[in-house]
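Undergrad:
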Amino acid sequence: MDEQVPVVVVGGSLVGLSASVLLAHHQVPHVLVERHRGTAIHPRAASFHQRTLEIFRSVGLQDAVEAAAEREFVQNGAIVAVDSLAGRELASFYRSFNEGVEDLSPVRRLFITQIGLEPVLRRHAAGLGADLRYSTEVTGVTQDETGVTVTTRARDGDEERRIRARYLIAADGAHSPVRRTLGIPMQGRGAFAKCATIYFKADVSSLLRGRNLSVVYVNQPRMLAFFRFSITEDAGFLAVFSTFDEQGGREDLLERELPFDSCAELVRAALGVADDFPVLIENVQPWSASAETAAAFRQGDIFLAGDAAHVMPPTGGFGGNTGVADVHNLVWKMAMVLDGRADPALLDSYDAERRPVAHLTVEQAFRRYVERVDSSLPAEDLAPNLQDTAIELGPVYRSGAVVGASREGASVEAPEQPSGRPGTRLGHAWIRHGGRDLSTLDLVGRDFVLLAGPAGTGWIDAAERSGRLEAHRFADERDVAGLGLTNASAVIVRPDGIVGWRCDESAKDHDAALREALQQLTGRSPAPGAMQQS
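Its first residue numbered 46, the sequence shown is counted upward by one per residue in this note's numbering.
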């Protein structure tokens, strides 16, 4: 081998860079390989949810990401449907993007494109020592019982290099060559629309009329689409889902190469302006609207993440957020296995936890596509509608890495009423700690953390004796009430902010209880013990 490294990340876009930042945060040496010469050049994935910002906050990136977002968009805009930008409003999905969610998290939802976000992630990963190799293609991937061999070649050179890694994270997009090499099929609804995103310049300030509109769905007899505009109100893009003829039949216009003149006509029609309104077309990107999930997120020592593992329509803005959550779930487990704190069996929980959540999210995005964009699609088997906050903050994990996780029950819970049950995200509450105002989520670190109610002194002492658990006791019952905990509760929170274990009453032997819990959380105990009814 030319070199050896614990982890190789294939793909240097949003999810691959997020994986790199998290690996560097957990002090895991790795190489990231990306065939493109740099980060994104088109403004995709502009909606980022609170859970994603919580992840960025945990690695010290909140301020930098918020500053980059402010440079691109006026935040907290509305999401509406119109017959045209100059015309009537047909529906309102949000009047303010953060309305009603301010108390659920220490962070807010943001609008920022991959153009604005990816350089922030790249600089941070490089600053932490990540080895980022752009303009480098993966020409081969093989694996055996002890790891993965990745063959690469610089795009400007002929020499191939072989990298030996213990694990590989495939974040190489919807058409993932790694996934195809593994032979893992996609399952779901497949592709249901040929679409195109038209990037243009035009002065739309008079049409916006001072309105802060973050996403504008356009529903016309001849077109279904959505707009997003720049902060300067002189540029934007129009994502066109479908076009129709005068009789209402679906056209095949988007299945062909679109000339710029046709693109300008579509933009003017969606704006609701005259044929001589100045519009400059800069670029056109065709794409397919799909709703699918990979049949497996892991094969051997190779793990799929992001669009390589799931693809969904943009309605709801769940795609990029789901990918960041994938690597957030995976990386801490890799870090613990690599440095000996956990058994390799812990990594089995990645597929068990993330694949059901991804499937649920894909179905919710498809439902929103049918409701907001194209009601002609089959609607009889749509998933029951879930609140956005439950999808973003409320997924419930069930795996061997969650002690006492119930086999039954809802797939999500309302974050407005956190239960503190194993498998759920630790609720957010502002607390006074170390002379500072912190979120309870700020107590989560690189290892497991024990949190106890006011009557939990015995748990704190046992945690300190273990030498493995950072521990915090809430002195005021009001602090724990909003977290779904009680006066005598104790929980162990995983490094990803998920409650991994909980006890609601004092144990006879605190030390033994914590020892058994940590064994199960690190994959070192018999599997049946990890899935008892709570």
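Using N, Cα and C, we set each Cβ at its ideal position, and we do this for glycine too.
In or out: residue 46 buried (at least 16 other Cβ within 10 Å) or exposed?
TA: Residue 46 comes out exposed.
Undergrad: Are there three or more Cβ pairs, one per stretch, closer than 8 Å when the region 134-142 is compared with the region 457-466?
TA: Touching, no.
Undergrad: Which runs of the beta strand (DSSP E) spanning at least 3 residues fall entirely within the region 97-167, listed in chain order?
TA: Listed in chain order, they are 123-127 and 134-139.
Undergrad: Using three-state DSSP, classify residue 172 as helix, strand or coil.
TA: In the structure shown, residue 172 sits in a helix (DSSP, three-state: H, G or I).
Undergrad: With 16 other CB atoms within 10 Å as the buried threshold, where does residue 569 fall?
TA: Answer is exposed; the Cβ neighbour count stays below 16.
Undergrad: Distance, Cα to Cα, residue 174 vs residue 540?
TA: Approximately 21 Å between the Cα atoms of the pair.
Undergrad: If you check the beta carbons only, do residue 239 and residue 306 fall under 9 Å apart?
TA: For residue 239 and residue 306, no; Cβs fall outside 9 Å.
Undergrad: Going by DSSP in three states, residue 380 sits in which element: helix, strand or coil?
TA: Three-state result, residue 380: helix.
Undergrad: So residue 94 is in the alpha helix (DSSP H); what residue range does that whole segment cover?
TA: Residue 94 -> no alpha helix (DSSP H), and no H or E assigned at all.
Undergrad: Decide yes or no for the touch test of the region 241-254 against the region 329-336: beta carbon pairs closer than 8 Å, at least 3 of them.
TA: The answer is yes - the region 329-336 touches the region 241-254, with three or more Cβ pairs under 8 Å.
Undergrad: Does the region 371-379 come within contact of the region 419-428, defined as at least 3 CB pairs closer than 8 Å?
TA: No: the two stretches stay apart, fewer than three of their Cβ pairs being nearer than 8 Å.
Undergrad: So, for residue 567: in the same chain, excluding its five sequence neighbours on each side, which residues have a beta-carbon less than 7 Å away from its beta-carbon?
TA: Same-chain partners within the cutoff: 381, 386, 387, 388 and 391.
Undergrad: What three-state label does DSSP hand residue 489 in the structure shown?
TA: Here residue 489 sits in coil by DSSP.
Undergrad: From the DSSP output, in three-state form, read off residue 509 for me.
TA: Residue state, collapsed to three classes: helix.
Undergrad: Residues in the same chain with beta-carbon distance under 6 Å from residue 648, minus the five sequence neighbours each way, listed in chain order, please.
TA: Nothing can be reported for residue 648: it is not among the residues displayed for the chain, which extend from 46 to 579.
Undergrad: Could you name the residues of the same chain whose beta carbon sits closer than 8 Å to that of residue 218, not counting the 5 residues immediately before and after it, in chain order?
TA: The residues are 56, 58, 351, 352 and 353.
Undergrad: Below 8 Å on the Cβ atoms is my contact criterion, and I expect residue 178 with residue 77 to pass it. Report the Cβ-Cβ distance as a whole number of Å.
TA: Between residue 77 and residue 178 the Cβ distance is about 6 Å, and since that is below 8 Å, they are a contact.
Undergrad: Compare the C-alpha of residue 414 against each of 80, 69, 256 and 335 and name the closest.
TA: Of 80, 69, 256 and 335, the residue nearest in Cα terms is 335.
Undergrad: Quick check: the region 116-130 against the region 259-267, are at least 3 beta-carbon pairs closer than 8 Å?
TA: Because the criterion of three Cβ pairs below 8 Å is met, the region 259-267 and the region 116-130 touch.
Undergrad: Among residues of its own chain, excluding the 5 on either side of residue 249, which ones have a beta-carbon nearer than 8 Å to its beta-carbon?
TA: Around residue 249: 130, 274, 278, 279, 281 and 316.
Undergrad: Could you tell me which whole alpha helix (DSSP H) segments of length 4 or greater appear in the region 246-289?
TA: Correct list: 250-253.
Undergrad: Just the C-alpha distance for residue 103 and residue 487, rounded to the nearest angstrom, thanks.
TA: Roughly 7 Å between the two C-alpha positions.
Undergrad: So, at 6 Å on beta carbons, what are the nonlocal neighbours of residue 96 in its own chain, with the 5 sequence-adjacent residues on each side left out?
TA: Within the same chain, residue 96 has close Cβ partners 437 and 438.
Undergrad: With DSSP as the reference, please indicate the residues paired to residue 442 in a beta bridge.
TA: Residue 442 is not bridged to any residue.
Undergrad: Quick check: what's the CA-CA separation for residue 509 versus residue 555?
TA: In a straight line, the C-alpha of residue 509 is about 11 Å away from that of residue 555.
Undergrad: For residue 339 versus residue 229, is the C-beta distance shorter than 9 Å?
TA: Contact flag set, yes.
Undergrad: To the nearest whole angstrom, what separates the beta carbons of residue 562 and residue 549, a pair I think is in contact under 8 Å?
TA: The Cβ separation is near 14 Å, so there is no contact.
Undergrad: Based on DSSP bridge pairs, tell me the residues matched to residue 496.
TA: DSSP lists 517 and 536 as partners of residue 496.
Undergrad: Taking only three categories from DSSP, how would you classify residue 436?
TA: Correct three-state label for residue 436: helix.
Undergrad: Under 8 Å, with one C-beta from each stretch per pair, do the region 355-370 and the region 406-413 reach the 3-pair mark?
TA: Flag = yes, the region 355-370 and the region 406-413 touch.
Undergrad: In this structure, what does DSSP give as the bridge partners for residue 68?
TA: According to DSSP, which records beta bridges pairwise, residue 68 is partnered with nothing at all.
Undergrad: So, at 6 Å on beta carbons, what are the nonlocal neighbours of residue 547 in its own chain, with the 5 sequence-adjacent residues on each side left out?
TA: Excluding residues within five positions, the ones whose Cβ falls inside 6 Å are 467 and 536.
Undergrad: Just to check my reading of the structure: residue 492 and residue 515 have Cβ atoms closer than 8 Å, yes? What is that Cβ distance to the nearest angstrom?
TA: Yes, residue 492 and residue 515 are in contact; Cβ-Cβ is about 7 Å, under 8 Å.
Undergrad: Could you say which of 356, 290 and 285 lies nearest to residue 303 if we only look at CA atoms?
TA: Closest option to residue 303, Cα to Cα, is 285.
Undergrad: Less than 9 Å separating the beta-carbons of residue 309 and residue 324?
TA: It is a contact, given that the beta carbons lie within the stated cut-off.
Undergrad: Quick one: what does DSSP say residue 473 is sitting in, helix, strand or coil?
TA: In the structure shown, residue 473 sits in coil (DSSP, three-state: anything other than H, G, I, E or B).
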